[in-house]
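Trainee:
Protein chains: 2
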Amino acid sequence: MAGYISEAVIKRLPAYYRHLKELEAEGVTQISSKGLGERMDFTASQVRQDINCFGGFGRQGYGYSVSELREHIGHIMGVDERHRMIILGAGNIGRAVALADSFPQNGFVTAAIFDSDPHKIGMQVDAMAVQDIAELKRYVEENAVDIAVLALPVSCAQQLAHEVYDYGIRGFWNFAPLDLKLPKDAAVVNVHLDEGLEVLSFRMKHSQP
Amino acid sequence: MAGYISEAVIKRLPAYYRHLKELEAEGVTQISSKGLGERMDFTASQVRQDINCFGGFGRQGYGYSVSELREHIGHIMGVDERHRMIILGAGNIGRAVALADSFPQNGFVTAAIFDSDPHKIGMQVDAMAVQDIAELKRYVEENAVDIAVLALPVSCAQQLAHEVYDYGIRGFWNFAPLDLKLPKDAAVVNVHLDEGLEVLSFRMKHSQP
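From first to last, the protein sequence lines stand for chains L and R.
For the first sequence, my numbering assigns the number 1 to the initial residue and increments by one for each residue that follows.
For the second sequence, my numbering assigns the number 210 to the initial residue and increments by one for each residue that follows.
Pasting the structure below:
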């Protein structure tokens with residue numbers, strides 16, 4: 001099992017996983033830290049350091065087994081288990097998440113989608129009908145769900161996050177532009193799209209031609 | 210003007226900007242580094258360091274003017290200018306970006322949306338009809354556009370990014386799961402949604418109850 005993994009390495013794990021999946025698809029079975037580094041724009045020593053950090057794989061002068069390393073990283077990230085998500089908010093973002101193919105392909109399955117807007121309740125999104133948010137508690141009690149996708153206005157995101165936390169959900173994928181305050185055992189990943197555009201604007205303004 | 214700003218500070222700028230906008234909306238005109246830090250879960254000294262880093266605002270014992278600091282950060286990020294975006298790909302993500310209210314409210318206006326799929330060309334997305342990707346070059350030549358939103362399959366994202374770079378676009382907001390290779394004067398921000406879910410899965414697996 002992995003020991004302490006720094007925040008920076010955690011954020012690089014999905015990129016390793018993606019490149020290793022691509023290599024597998026290309027039929028590559030072994031790769032050196034140098035080869036993996038070139039592919040990912042990292043130095044060989046950075047790759048060795050990162051990989052040592054979660055378990056010391058590979059043998060000197062031999063490199064890594066692509067499939068073993070991919071499986072190992074997948075297991076550390078827990079993406080070899082299925083996750084069941086509920087989407088709170090059936091607006092543009094909520095519907096786009098519900099309709100995307102890649103999430104279920106990677107084991108993140110949308111089980112239900114909720115909204116409070118009477119115009120949206122009952123609306124069909126893929127094979128699901130949008131459910132009344134008033135049914136949320138009952139639904140979570142009766143169904144195994146581990147991730148709540150917050151695709152809500154900022155005005156109600158915090159309160160609903162607390163509610164679903166109280167119902168036992170511990171994973172939060174938050175698209176609302178706020179810093180959620182939740183107890184320490186809640187896992188939160190924020191997707192602040194507006195902030196990404198602001199960073200892009202900064203980079204455009206300050207890039208050297 | 211700002212001197213060198215580290216990557217870590219750049220990524221915090223939007224959060225400062227958001228909190229300062231909220232403070233303005235709440236009618237707060239002055240705030241200390243301690244007050245701002247408490248609000249953002251930073252220490253006062255971190256706030257002072259960050260803000261010094263882009264220009265040395267505020268007076269000892271007096272704090273910051275909320276509106277001046279907000280304007281200053283907005284100017285550094287270039288979000289006081291309008292940006293015109295084209296969306297490449299009229300799938301779920303492309304349409305969600307086109308339909309979101311918050312981007313134009315923040316000065317990021319979608320000018321056009323393109324796809325290569327004959328079933329999507331001509332489809333109405335908000336007030337825009339999806340245009341044939343074959344019209345892309347002509348469109349960019351005739352219209353001022355500075356950001357391309359890549360909401361495309363991984364198989365064609367790299368090639369299209371190169372094309373629009375050649376047409377003169379330098380800002381790329383990339384939703385495709387790959388590392389774009391573009392010349393150094395291109396500004397790229399990636400939104401790797403799948404990777405965000407993998408990081409969430411990691412945190413759920415390793416969080417201490």
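Backbone N, C-alpha and C fix where the C-beta goes; we use that ideal spot for every residue, glycine too.
For a contact defined as C-beta to C-beta under 8 Å, what are the partners of Val47 (chain L) on chain R?
Mentor: Those do not exist, as Val47 (chain L) stays about 15 Å from chain R at its closest Cβ, beyond 8 Å.
Trainee: Give a yes or no on whether the minimum CB-CB distance between Glu328 (chain R) and chain L is below 9 Å.
Mentor: The sequence as given places His at residue 328 (chain R); Glu does not occur at that position. No, its Cβ sits nowhere closer than 9 Å to a Cβ of chain L.
Trainee: For Ala353 (chain R), which residues from the same chain have a beta carbon less than 8 Å from its beta carbon, with the 5 sequence-adjacent residues on both sides left out?
Mentor: These residues qualify, in order along the chain: Arg293.
Trainee: Give a yes or no on contact between the segment 178-191 of chain L and the segment 123-138 of chain L, applying the rule of three or more CB pairs nearer than 8 Å.
Mentor: The segment 178-191 of chain L is not in contact with the segment 123-138 of chain L.
Trainee: Could you confirm whether any beta carbon from chain R is found closer than 9 Å to the beta carbon of Asp166 (chain L)?
Mentor: Judged by the 9 Å Cβ criterion, Asp166 (chain L) is not in contact with chain R.
Trainee: What are the boundary residues of the alpha helix (DSSP H) that includes Ile378 (chain R)?
Mentor: Unbroken run through Ile378 (chain R): none, as it is neither H nor E.
Trainee: Quick check: what's the CA-CA separation for Gln159 (chain L) versus Val66 (chain L)?
Mentor: One C-alpha to the other measures close to 44 Å.
Trainee: Going along chain L in order, which residues have a C-beta closer than 8 Å to the C-beta of Ala305 (chain R)?
Mentor: Those within 8 Å of Ala305 (chain R) in chain L are Asn92, Ile93, Arg95 and Ala96.
Trainee: Roughly how many angstroms lie between the CA atoms of Arg379 (chain R) and Ala357 (chain R), to the nearest whole one?
Mentor: Their Cα atoms are separated by approximately 8 Å.
Trainee: Around the Cβ of Tyr4 (chain L), are there at least 16 other Cβ atoms within 10 angstroms (buried) or fewer (exposed)?
Mentor: Tyr4 (chain L) should be labelled exposed.
Trainee: Applying a beta-carbon distance threshold of less than 8 Å, which residues of chain L neighbour Ala321 (chain R)?
Mentor: Residues of chain L passing the Cβ test: none, with the nearest at roughly 17 Å.
Trainee: Just the Cα atoms here: how many angstroms apart are Gly107 (chain L) and Gly55 (chain L)?
Mentor: Distance between the alpha carbons of Gly107 (chain L) and Gly55 (chain L) is about 24 Å.
Trainee: I'd like the span of the alpha helix (DSSP H) that includes Ala111 (chain L), first residue to last.
Mentor: It is not in any alpha helix (DSSP H) - Ala111 (chain L) instead sits in the beta strand (DSSP E) that spans Phe108 to Asp115.
Trainee: Answer yes or no: does any C-beta atom of chain L fall closer than 9 Å to that of Val398 (chain R)?
Mentor: Output row for Val398 (chain R): interface = yes.
Trainee: Using a C-beta to C-beta distance shorter than 7 Å, which residues of chain L count as neighbours of Val408 (chain R)?
Mentor: Ile10, Lys11, Pro14 and Val189, listed in chain order.
Trainee: Taking Arg138 (chain L) as the reference, which of L:Phe175, L:Ala176, L:Glu24 and L:Val164 has the closest Cα?
Mentor: Cα-wise, what sits closest to Arg138 (chain L) is L:Val164.
Trainee: Check whether the segment 69-80 of chain L and the segment 8-17 of chain L are in contact - that is, three or more C-beta pairs closer than 8 Å.
Mentor: With the cut-off at 8 Å, the segment 69-80 of chain L and the segment 8-17 of chain L touch.
Trainee: With Asn301 (chain R) as the anchor, note down where its alpha helix (DSSP H) starts and where it stops.
Mentor: Counting along the chain, the alpha helix (DSSP H) containing Asn301 (chain R) begins and ends at Asn301 to Leu308.
Trainee: Around the Cβ of Ala299 (chain R), are there at least 16 other Cβ atoms within 10 angstroms (buried) or fewer (exposed)?
Mentor: Result: buried.
Trainee: In three-state terms, what does DSSP make of Val191 (chain L)?
Mentor: Here Val191 (chain L) sits in coil by DSSP.
Trainee: Have a look at Ala211 (chain R) and Ser45 (chain L) and give me their C-alpha separation to the nearest angstrom.
Mentor: Model confidence at Ala211 (chain R) stands at a pLDDT of 48, short of 50, so the residue's coordinates are unreliable; what they give is reported in the following sentence. So the alpha carbons of these two residues sit roughly 33 Å apart.
Trainee: Please go through the same chain and pick out, in chain order, the residues whose beta-carbon is closer than 7 Å to the beta-carbon of Leu23 (chain L), but skip the five residues on each side of it.
Mentor: Same-chain partners within the cutoff: Ile31 and Val66.
Trainee: If you check the beta carbons only, do Phe459 (chain R) and Leu391 (chain R) fall under 9 Å apart?
Mentor: Shown here, chain R extends from 210 to 418; a query on residue 459 (chain R) therefore has no answer.
Trainee: Give me whichever residues DSSP pairs with Asp341 (chain R) in a beta bridge.
Mentor: R:Asp324, per the DSSP bridge assignment.
Trainee: Which residue spans inside the segment 228-304 of chain R form an unbroken alpha helix (DSSP H) run of at least 4?
Mentor: Complete alpha helix (DSSP H) runs here, min 4: 242-249, 253-262 and 275-286.
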